[in-house]
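Structure, as structure tokens:
Protein chains: 2
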Amino acid sequence: MRPKPVSTGVLHALVLGVLLTFGTWAHAQTDPLPSWNDGAAKKAIVDFVQATTTQGSPKFVPQEERIAAFDQDGTLWVEHPMYTQVMYVLESVPGLVKAKPELAKVAPFSTVLEILKGDRAAIAKLTMPDLEKLVAATSTGMSVETFASEAKKWLAEAKDPRWKKPYTELTYLPMQEVLKYLRASGYKTYIVTGGGQDFVRVYSEATYGIPPEQVVGSAGGTKYGYGKDGKPFLTKEPKLMLNDNNAGKPEGIHLMIGRRPYAAFGNSTGDRQMLEYTKAGDGARLSMLVLHDDAKREYAYGPAKGLPDSKVGTFPQSLYDEAMKQGWVVISMKDDWKRVFSFE
Amino acid sequence: MRPKPVSTGVLHALVLGVLLTFGTWAHAQTDPLPSWNDGAAKKAIVDFVQATTTQGSPKFVPQEERIAAFDQDGTLWVEHPMYTQVMYVLESVPGLVKAKPELAKVAPFSTVLEILKGDRAAIAKLTMPDLEKLVAATSTGMSVETFASEAKKWLAEAKDPRWKKPYTELTYLPMQEVLKYLRASGYKTYIVTGGGQDFVRVYSEATYGIPPEQVVGSAGGTKYGYGKDGKPFLTKEPKLMLNDNNAGKPEGIHLMIGRRPYAAFGNSTGDRQMLEYTKAGDGARLSMLVLHDDAKREYAYGPAKGLPDSKVGTFPQSLYDEAMKQGWVVISMKDDWKRVFSFE
């Protein structure tokens, strides 16, 4: 076999080289965060990236250590009026009841059927143990592939009641820009969510450009076994291995990543320890909190006075005060974001 | 600020382009596995890479799905006469006894002191619960940073008794070539080890080019807390979260990676389920077993007749038979490897 003539290759390389050069030059002139208003939040992000990626900077971070962690619900996409995964669990109940009709009259399944018929107030009746029972019934006892394909199917059809759009379109454009900007700056971006790891992994790549192996979330165990055809498969078990909330977030980060992030983004009490842990590292560290204060374009639910400090998924006044004290940067949805969604 | 003149950049790009072009051309002529003898094992690797990475191939795998999993002990480096991590645990005992002299007369610590004094036969006295007790005493109850720095210090000084070299130099050159070849072909390479995840992560990047976040291993829990200075840190706990052996390997892969590998490499019964699980996927899948049959250059301990099927860390005849039946490819260290170590 004759080697490929070099001349054609060289020509391609020259063209590519010229394009790359102009590309880099053009990029330097472009705002990486066009959906952000100028202000302290945007400046904190740009300053952090420049400090950690400019060769010779006293706070330069080698590329392999550049890790950024993002909470999902309320940080990367809408979490109100209910977490998307909770909607998935609730809307999976009718199918479950069809297969096991005896469940229709048993709580919490009967409560869910009421909610889905329109009795929204019935949601308040669901306790945490109820929710755990529902997750176990709808999301375990099947192969990991079956779970993924059912979740994928639901996500393709389900719509948020307010915007009438698929949930995966309700991501925040400014945060998508931060993800891309950090990746273009050599950061590995991770989702670190209290939500189910297997659920988020179904759409993380298409929705955020984050591959499944960079999703850390609450995780149940699996059990290895064999089908009738002798083929091995993994069954999702109801046993919780990692509760990726509060202290579980830094613990999950150590388990799954093994390095302390340089940047972390959250929006609620469940993210407090992740932000603390990130900020406590040496050198330049960025901890940011998305504040939902825009009832018109999205929702306003913080900072809320009178809420208990520890309630997961809330933004009490104490969290705001801690951010000020610790040097975390608060992102005001209302003031810092020019646009909230890409479809606006 | 004036933009950087384009001309210099273009010149650099041209030079780079030319270099890249010659580089690519030269690479195509180069054997990616120079330490391998021609034979079925080498051919299986090259065929697999070509089938999964050639555009238009019926078995083409998109780059983001290219995952390869490698057992460590006995697959990437020497595991005889004892796992390196077990040596670390044993050699940490004198320091522990210095701090707590009352342990000197208590088993299993007293047994370890005998072993280290030269009574090698005493090793046989150590049971699995003994070993767990020793791991808990030497490798938990400290911050994750303290553990990493102590392990790093030990690795820099400790030497294998036969080759009188640091353990991290006792990696198999042919397997290092496979790691590099797969990475150059767009694969993400993971270590999936029965050893401690936190231990292997200390040296994985320098030794194998595998970053900590791509090390899946047996993992204990950690506990988030605060130091006297108010700074948060993670303490290593004796609680085992993931026993990454046997069925624990595919379970660990699902937990930490979330995708089934396309290629897996092991060398013992502890890798059986990982090889099975990998091979059971659709399309081209490569499962390979390193057979230690070279007493002269390394060790010969397989296939061993009369061993129980399930003993972790062994290569019984039954494993060889299963490989033949399932289409896993056996790598004979004696016949397939031109060189074993880079220092040869």
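Chains as they are written, first to last, in the numbering used here: chain C, 149 to 492; chain V, 149 to 492. From the three backbone atoms N, C-alpha and C, an ideal C-beta is built for every residue, glycine too. Since the model is a prediction, treat every value here as computed from it, not as a measurement.
TODO: Report all residues from its chain with a CB closer than 8 Å to the CB of R487(V); omit the five preceding and five following residues, and keep chain order.
DONE: S183, L321, P322
Open item on the list: DSSP has L264(C) in a bridge; who is on the other side?
Closed with: None; L264(C) has no bridge partner.
- [ ] Would you list the one or two residues that DSSP bridges to P456(V)?
- [x] Partner(s): none; P456(V) has no beta bridge.
TODO: Could you say which of F413(V), L327(V), E280(V), W476(V) lies nearest to S366(V) if we only look at CA atoms?
DONE: E280(V)
Open item on the list: Strictly under 8 Å for the Cβ-Cβ distance: is S291(V) near chain C by that measure?
Closed with: No, S291(V) does not count as interfacial toward chain C.
Open item on the list: Closest to K397(C) by C-alpha separation, out of I339(C), G429(C), Y236(C), would be which residue?
Closed with: I339(C)
Task: Minimum length 3: unbroken beta strand (DSSP E) runs contained in the segment 428-476 of chain V - done: Fully enclosed beta strand (DSSP E) runs of 3 or longer: 434-439.
Task: Every unbroken alpha helix (DSSP H) within the segment 215-254 of chain C, with a cutoff of 4 residues, ordered by chain - done: Taking only runs of at least 4 residues, the alpha helix (DSSP H) segments lying wholly in the segment 215-254 of chain C are 232-247.
TODO: On the DSSP bridge assignment, give the partners of A367(C) in chain order.
DONE: L390(C)
Task: 7 Å CB neighbourhood of M389(C) in its chain, flanking five on each side removed - done: A367, G368, G369
Open item on the list: According to DSSP, simplified to helix, strand and coil, what is S352(C)?
Closed with: helix
Open item on the list: Does chain D have any CB closer than 8 Å to the CB of Y410(V)?
Closed with: In the structure shown, chain D does not exist; the protein chains are C and V.
Open item on the list: Determine, for L382(C), whether the minimum Cβ-Cβ distance to residues of chain V falls below 8 Å.
Closed with: yes
Task: Given 8 Å, three or more beta-carbon pairs between the segment 234-251 of chain V and the segment 352-365 of chain V - done: no
TODO: Identify, in the order they occur along the chain, each residue of the same chain with its Cβ nearer than 6 Å to the Cβ of G431(C), setting aside the five sequence neighbours on each side.
DONE: K207
Open item on the list: Along the chain, where does the alpha helix (DSSP H) containing F208(C) start, and where does it finish?
Closed with: Counting along the chain, F208(C) falls outside any alpha helix (DSSP H), and DSSP gives it neither H nor E.
Task: Endpoints, alpha helix (DSSP H) assigned at G396(C) - done: 396-404
- [ ] Taking T294(V) as part of the alpha helix (DSSP H), name the residues at either end of that continuous run.
- [x] For T294(V), the enclosing alpha helix (DSSP H) starts and ends at 292-305.
- [ ] Give the secondary structure of K376(V) by DSSP, where H, G and I count as helix, E and B as strand, and everything else as coil.
- [x] coil
TODO: Can you grab the Cα-Cα spacing for the pair G378(V) / A269(C), in whole Å?
DONE: When the Cα atoms are used, G378(V) and A269(C) turn out to be separated by approximately 43 Å.
- [ ] Name, please, each residue of chain V whose Cβ falls closer than 8 Å to the Cβ of E353(C).
- [x] Within 8 Å of the CB of E353(C), the CB atoms of chain V belong to E212, in sequence order along the chain.
TODO: Answer with yes or no whether the minimum CB distance from R420(C) to chain V is below 8 Å.
DONE: Not a single CB atom of chain V sits nearer than 8 Å to the CB of R420(C).
TODO: Starting from the Cα of A412(C), find the closest Cα among R433(C), N394(C), S291(C), T383(C) and give me that residue.
DONE: Nearest C-alpha to A412(C): R433(C).
- [ ] Quick one: list the residues of chain V neighbouring P359(C), beta-carbon separation under 7 Å, in chain order.
- [x] In chain order: E212.
- [ ] Flag A432(V) as yes if its beta-carbon sits less than 8 Å from any beta-carbon of chain C, otherwise no.
- [x] no
Open item on the list: To the nearest angstrom, how far is the alpha carbon of I271(V) from that of T232(V)?
Closed with: 14 Å
- [ ] In angstroms with no decimal places, state the Cα-to-Cα distance between P229(C) and A395(V).
- [x] 40 Å
- [ ] Assign Q220(C) to buried or exposed, taking buried as 16 or more other Cβ atoms, counted over all protein chains shown, within 10 Å of its Cβ.
- [x] With 16 or more other Cβ atoms within 10 Å, it is buried.
TODO: Would you identify the three-state DSSP class for I479(V), choosing helix, strand or coil?
DONE: strand
- [ ] Using a Cβ-Cβ cut-off of 8 Å, state whether E424(V) counts as contacting chain C.
- [x] Yes, its Cβ sits closer than 8 Å to a Cβ of chain C.
Open item on the list: Output needed in chain order: residues of the segment 389-407 of chain V with a Cβ under 7 Å from some Cβ in chain C.
Closed with: M389, A395, P398, E399, H402, L403, M404, I405, G406, R407
- [ ] Give a yes or no on whether the C-beta atoms belonging to W485(V) and K427(V) are separated by under 8 Å.
- [x] Going by C-beta atoms, W485(V) is not nearer than 8 Å to K427(V).
Open item on the list: Let's test the definition: count the other Cβ atoms within 10 Å of the Cβ of S435(C) and tell me whether it reaches 16, buried, or not, exposed.
Closed with: Buried.
- [ ] Measure the C-alpha to C-alpha separation of M404(V) and L303(V) and round it to an integer number of angstroms.
- [x] 26 Å
Open item on the list: Can you list, in chain order, the residues of its chain with a C-beta nearer than 7 Å to that of G171(V)? Leave out the 5 residues immediately preceding and following it.
Closed with: Because G171(V) sits at a pLDDT of 48, beneath the cut-off of 50, its placement in the model cannot be relied upon, and the following sentence gives the value as read from the coordinates. Excluding residues within five positions, none has a Cβ falling inside 7 Å.
TODO: Measure the Cβ-Cβ separation of V326(V) and I193(V) and say whether it is below 8 Å.
DONE: Yes, Cβ-Cβ distance for V326(V) and I193(V) is below 8 Å.
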